[in-house]
Amino acid sequence: MFAVKGLLITLEGVDACGKSTQMSLVKKWLTSIDIPHVLTREPGGVPQADIVRSLLSRSGNQWSSMGQALLLNAARVEHTVAFITPNLSAGRHVICDRYFDSTLAYQGQGDPERVEKLLMIHKMAVGNVIPDLTLWLDVDAERLNTRLQRRAQQGEVHDFEKKKNLQELARKGYQYLHQQFPDRIKRIEADMSVAEVSYIIQKYIMQYLGL
Ligand SMILES: Nc1ncnc2c1ncn2[C@@H]1O[C@H](COP(=O)(O)OP(=O)(O)O)[C@@H](O)[C@H]1O
Ligand SMILES: [Mg+2]
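Count the sequence shown with this note's numbering and you get residues 64 to 274, in order.
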């Protein structure tokens, strides 16, 4: 008997677009219909990646865009080799909250040359592991602003203006990637209700899993 490989499905989008909310709904749904799967996130999934996450979020640290990209790729290699690939080989679908499109969007910001370089780095780092399906939760700037402001009021965001600008650049980055890879990346209007977004996510996943 041969094992059927699992699929790598990623959720992408700027901060507060609803990824964590939807991850937990995907988990509930896949568990309820007995589909073998694991959930994970980036940067994370393995101890080395948590070290990178803390390096990048330490205040006062000013990493260049390329420096950040290399650190994130280092974490991604470990995560992919130790966690993602073994699970896929064992036939479990891997649902990942952010993967390499986050690096392409945040550090590439829609600039074709930068994105090209980042794709080369990805290929050198993890080879041909590319998501089978990427669900991009896209929220328009105004609504995103409201969600980010709410987070800032809860004390989760320190430099609001900087954060807002970064998310706007990353959104441009995602728009560019969506144009470049329309077969893999599906745009979902995440301005809709949580239930509506969840329904669309389930429809895409069912289509890709052949359910
Ligand atoms: N479709 C939605 N409509 C309105 N608010 C939402 C929606 N999805 C998520 N939220 C809210 O937006 C905030 C950010 O959601 P979260 O899932 O943590 O985003 P992310 O993980 O992408 O940063 C949370 O307060 C969440 O309750
Ligand atoms: Mg989240």
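Idealized CB from N, CA, C, for every residue including glycine.
Item	Value
Contact check, ILE147 vs MET86, beta carbons under 8 Å	no
Reference GLY264; option with closest CA among LEU200, PRO99, VAL192, ARG247	Checking the sequence, you will find Ile at residue 264 rather than Gly. The shortest Cα separation from ILE264 among LEU200, PRO99, VAL192, ARG247 belongs to LEU200.
Separation of LEU196 from LEU151, as counted between CA atoms	14 Å
8 Å contact criterion, which ALA137 and VAL101 should meet: CB distance rounded	The pair is not a contact, with the Cβ atoms about 22 Å apart (cut-off 8 Å).
TYR237 versus SER95: straight-line alpha-carbon distance, rounded	31 Å
Residues near MET64 in its chain [Cβ-Cβ closer than 7 Å; skip 5 each side]	Low confidence applies here, because MET64 scores a pLDDT of 47, under 50, leaving its location unreliable and the question unanswered by this model.
Near ligand 2: LYS82 beta-carbon under 7 Å from a heavy atom	yes
Exposed unless 16 or more other CB atoms sit within 10 angstroms - verdict on ALA204	exposed
Whole-angstrom distance between GLN242 and ARG139, CA atom to CA atom	24 Å
Sub-8 Å separation of LEU74 and ASP160 beta-carbons	yes
Where ILE98 falls: helix, strand or coil (DSSP)	coil
Any beta strand (DSSP E) of 3 or more consecutive residues that is wholly inside the region 136 to 175	156 to 160
Coarse secondary structure for TRP199, derived from DSSP in three states	strand
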